[in-house]
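Visitor: Mind looking over this structure? Questions follow.
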Amino acid sequence: MTASAEVMTASADGLYGQLSRFYARQLLLIDDDAVDECALTFTADSVLVRDAQPERMRAAGATARREGRVKIAEGLARTVRARKRAGITRRHWLSDLRVLPGPEGGARTRFYLVAVDTPAGGRPAPRNSTVVEDELRCQDGTWRVHRRQIRHDDVDDTREKAP
Amino acid sequence: MTSPTTAPVTVSDDLYARLQHFYARHMQLLDDGDATGWASAFTDDGSFGQDTRPEPRRGREVIAERMRLNTARLAEQKLVRRHWVGNLTVTPVPDGTLRTRYYALVVDTPPGGPAALRLSTVCDDVLVPGDDGGWQVKSRYISHDGVG
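Going line by line, the protein sequences match chains W and G.
So the first sequence is numbered by the numbering used here: it starts at 8 and just counts up by one.
So the second sequence is numbered by the numbering used here: it starts at 24 and just counts up by one.
In structure tokens form, the structure reads like this:
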């Protein structure tokens, strides 16, 4: 798809603005510890895949793949508990959002996501730098993530070609 | 409330969203190592200047070649670089061009981490309409924070 075609298609019907707002809400929810509400921004049969460093995954009790909103909610809850135990405030920053039309009236996105962690009384620092690719579905007028793939920049050889 | 005497000149929501998307795609191409694809956003005679260099690079091919060297060096160092675009402002000019001004934050991650902020910059672009309904970069000037 040419640059202009990609850009023009996604701006149709305000899709780009809709998804910008969707992500702002989703990330605020997780940073505000609203695990159940955040889980509802995923479809019931959604899949979350990520490639973080194996040792970091083990340390966090995380898994590379979670299937279904229930499992995803468990993962979110675990992450929130760990962060609270550590006394860390986390803010997710999104940038460079790209949007492509997806199958069945859905959408595909690719964007950068960084978690900025601040320990109690300490200085903020980026925890990691990631590239996220989502497939989204529109259900009952609401966007939901159907499949999410998170690639961490600190994993060797993470470079992936654009969609 | 009284109207301001000089209302800010602005662009439609649709055009603003398109330009956000334009920059997202542009930067992702660069960060994916596709310097040629990234440079295709410039006009044939486009210029690329920085306050850290006395002379701007002129011409899409020259700009592309220099950036290919940069991306090759990063790949050699196994550094993953991300260009974060923020605070985009767009001003239309009566001659049909657009002036954009935005922040670009450069985040570098070595294998095993940690991610670190490398540069904070402000970019000033002049965009001209392309043949296909999109926009092309006629000139870019990057000001690095902490320089000059």
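For glycine and all other residues, C-beta sits at the position ideal for the given N, C-alpha and C.
Only a predicted model underlies this, so the values are computations on that prediction, with no experimental measurement involved.
With a threshold of 9 Å between beta carbons, is residue 111 (chain W) in contact with chain G?
Guide: Mapped onto the first sequence, residue 111 (chain W) falls at position 104. Answer no: the Cβ-Cβ gap between residue 111 (chain W) and chain G never drops below 9 Å.
Visitor: Given a limit of 9 Å on CB to CB distance, which residues of the segment 115-128 of chain W reach chain G?
Guide: So the list reads 117, 118, 119 and 121, given in the order they occur along the chain.
Visitor: If you follow the alpha helix (DSSP H) that residue 87 (chain G) is part of, which residue opens it and which one closes it?
Guide: Your numbering for residue 87 (chain G) matches position 64 in the second sequence. Run containing residue 87 (chain G): 83-99, per the alpha helix (DSSP H) assignment.
Visitor: I'd like to know whether the C-beta of residue 50 (chain G) is nearer than 9 Å to at least one C-beta of chain W.
Guide: Stepping through the second sequence from its first residue, residue 50 (chain G) is reached at position 27. By this cut-off, residue 50 (chain G) is an interface position.
Visitor: Which whole-angstrom value is the C-beta distance of residue 154 (chain W) and residue 58 (chain W), which I expect to be below 8 Å?
Guide: Counting from 1 along the first sequence, the entry for residue 154 (chain W) is found at position 147. Counting from 1 along the first sequence, the entry for residue 58 (chain W) is found at position 51. Not quite, the Cβ-Cβ distance comes to about 14 Å (not below 8 Å), so this is no contact.
Visitor: How big is the Cα-Cα spacing for residue 136 (chain W) and residue 156 (chain G)?
Guide: Looking up residue 136 (chain W) in the first sequence gives position 129. Looking up residue 156 (chain G) in the second sequence gives position 133. Approximately 33 Å, taken between the alpha carbons.
Visitor: Report yes if the C-beta distance between residue 42 (chain W) and residue 87 (chain W) is below 9 Å; otherwise report no.
Guide: As a working note, residue 42 (chain W) is residue 35 in the first sequence. As a working note, residue 87 (chain W) is residue 80 in the first sequence. A contact, by the Cβ cut-off of 9 Å.
Visitor: For the alpha helix (DSSP H) containing residue 134 (chain W), list its first residue and its last residue.
Guide: Working through the first sequence from its first residue, we reach residue 134 (chain W) at position 127. Per DSSP, residue 134 (chain W) belongs to no alpha helix (DSSP H); it is in the beta strand (DSSP E), 132-146.
Visitor: Counting contacts by CB-CB distance shorter than 9 Å, is residue 164 (chain G) in contact with chain W?
Guide: Counting from one through the second sequence, the residue named residue 164 (chain G) turns up at place 141. So, not an interface residue.
Visitor: For residue 150 (chain W), decide whether its Cβ has a neighbour in chain G, counting only Cβ atoms nearer than 9 Å.
Guide: For the purposes of this step, residue 150 (chain W) is identified with residue 143 of the first sequence, where counting begins at 1. Not an interface residue.
Visitor: For chain W, find out if any of its Cβ atoms is closer than 9 Å to the Cβ of residue 91 (chain G); answer yes or no.
Guide: Here residue 91 (chain G) refers to the residue found at position 68 when the second sequence is read from its first residue. By this cut-off, residue 91 (chain G) is not an interface position.
Visitor: Since residue 121 (chain G) and residue 158 (chain G) are thought to touch, with beta carbons under 8 Å apart, how far apart are those beta carbons, to the nearest angstrom?
Guide: Taking the first residue of the second sequence as 1, we reach residue 121 (chain G) at position 98. Taking the first residue of the second sequence as 1, we reach residue 158 (chain G) at position 135. The Cβ separation is near 7 Å, so the contact holds.
Visitor: Which residue comes first and which comes last in the alpha helix (DSSP H) that contains residue 145 (chain G)?
Guide: Against the second sequence, residue 145 (chain G) aligns to sequence position 122. Not the alpha helix (DSSP H): residue 145 (chain G) falls in the beta strand (DSSP E), residues 139-152.
Visitor: Does DSSP put residue 126 (chain W) in a helix, a strand or coil?
Guide: As a position in the first sequence, residue 126 (chain W) is number 119, starting the count at 1. Correct three-state label for residue 126 (chain W): strand.
Visitor: If we ignore side chains and look at the alpha-carbon of each, how far apart do residue 74 (chain G) and residue 98 (chain G) end up?
Guide: Counting from 1 along the second sequence, the entry for residue 74 (chain G) is found at position 51. Counting from 1 along the second sequence, the entry for residue 98 (chain G) is found at position 75. Spanning the two alpha carbons is a distance of roughly 25 Å.
Visitor: Whose CA, out of G:70, G:113 and G:161, lies closest to the CA of residue 150 (chain G)?
Guide: For the purposes of this step, residue 150 (chain G) is taken as residue 127 along the second sequence, with counting starting at 1. Of G:70, G:113 and G:161, the residue nearest in Cα terms is G:161.
Visitor: Just to confirm my understanding: we take residue 35 (chain G), look at its own chain, exclude 5 residues before and 5 after, and list those with CB closer than 7 Å. What are they?
Guide: Position 12 of the second sequence, counted from the first residue, corresponds to residue 35 (chain G). So no residue of the chain qualifies.
Visitor: With H, G and I counted as helix, E and B as strand and the rest as coil, what does DSSP make of residue 102 (chain W)?
Guide: As a position in the first sequence, residue 102 (chain W) is number 95, starting the count at 1. Residue 102 (chain W): strand per DSSP, three-state reduction.
Visitor: Please list the residues of the segment 28-44 of chain W that have a C-beta atom closer than 7 Å to any C-beta atom in chain G, keeping them in chain order.
Guide: So the list is empty, because no residue satisfies the distance condition.
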